[in-house]
Amino acid sequence: MAKSQLFIGGLWKTANQSVRQIRLVPFAEFFSPTHWYSPWINAVGNIALFAAPVFVAVLVVLCTGAGGRIRQLTAGPGRFHPYAAVAVAAGLASIVIELVQFVFALGYTDIDDVIFNAAGALAGYWLGRTAAGKPGIAAAGVAAVGLVNAVLVVVLVSGMVAVAVTG
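See the structure below:
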């Protein structure tokens, strides 16, 4: 949670991250953005934050044969549909993240983050289930997730180095 230490020119400002504020109006940022691209970066970033690990987790579970055991937990009367279970789990995880941000004044606590994180988890789950039966697509998907994560690590590390050098 180095949000208050990280600066990425034009995208991420450290001064905006040391706040304690709750935003409960869904999609308000889209109607009055600071910059036209700000809400889109927030949406895509939060979707990707949950889509990538859920996608990989689904592939691991389904391709290792653990899918049957997972289905036993989620299928049947009185149990969650798998998509509902994913949405609820992602929503709860996102709420925990938002509460930690609020308690430690690490940025805005925003309902949009919860919505987009749950949407990302659902997208990752759907993509993982779709790709699980197609080895070529699954391998390409895992490679894409790895490439995106590598790029993000480079961007984050370069931002931290810039802060260390200038700050």
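Mapping to the UniProt record's numbering: the sequence shown position 137 is 137, numbers consecutive. Ideal placement from N, C-alpha and C gives every residue a C-beta, glycine not left out.
Classify residue i as buried or exposed, calling it buried when 16 or more other Cβ atoms lie within 10 Å of its own Cβ.
| i | result |
| --- | --- |
| Tyr37 | exposed |
| Val58 | buried |
| Ser94 | buried |
| Gly65 | exposed |
| Gly133 | exposed |
| Gly136 | exposed |
| Ala43 | buried |
| Thr109 | buried |
| Val96 | exposed |
| Val86 | buried |
| Ala143 | exposed |
| Phe55 | buried |
| Gln21 | exposed |
| Ala105 | exposed |
Whose C-alpha, out of the options, is nearest the C-alpha of residue i?
| i | options | result |
| --- | --- | --- |
| Val145 | Ala119, Phe50, His35, Ala89 | Phe50 |
| Ala121 | Ile97, Pro53, Phe31, Val100 | Pro53 |
| Cys63 | Gly128, Ala143, Ala150 | Gly128 |
| Pro26 | Val114, Val96, Ala131, Val60 | Val114 |
| Asn149 | Ala105, Ala28, Ala48 | Ala48 |
| Asn117 | Gly107, Ala139, Ala90 | Ala90 |
| Ser18 | Gly124, Phe30, Val103 | Val103 |
| Gly141 | Leu152, Val155, Val151, Gly124 | Gly124 |
| Leu152 | Ser32, Pro39, Gly45, Ala119 | Gly45 |
| Ala138 | Val61, Ser32, Glu29 | Val61 |
| Phe31 | His81, Gln101, Asp112 | Asp112 |
Counting along the chain, where does the beta strand (DSSP E) carrying residue i start and finish?
| i | result |
| --- | --- |
| Tyr108 | 107-110 |
I need the boundaries of the alpha helix (DSSP H) containing residue i, first residue and last residue.
| i | result |
| --- | --- |
| Gly91 | 82-103 |
| Val61 | 38-63 |
| Phe27 | Note, Phe27: premise wrong, no alpha helix (DSSP H); not H, not E. |
So that I know if they touch, is there some Cβ in chain C lying closer than 7 angstroms to that of residue i?
| i | result |
| --- | --- |
| Ile47 | Of the chains in the structure shown, none is chain C; there is only one protein chain. |
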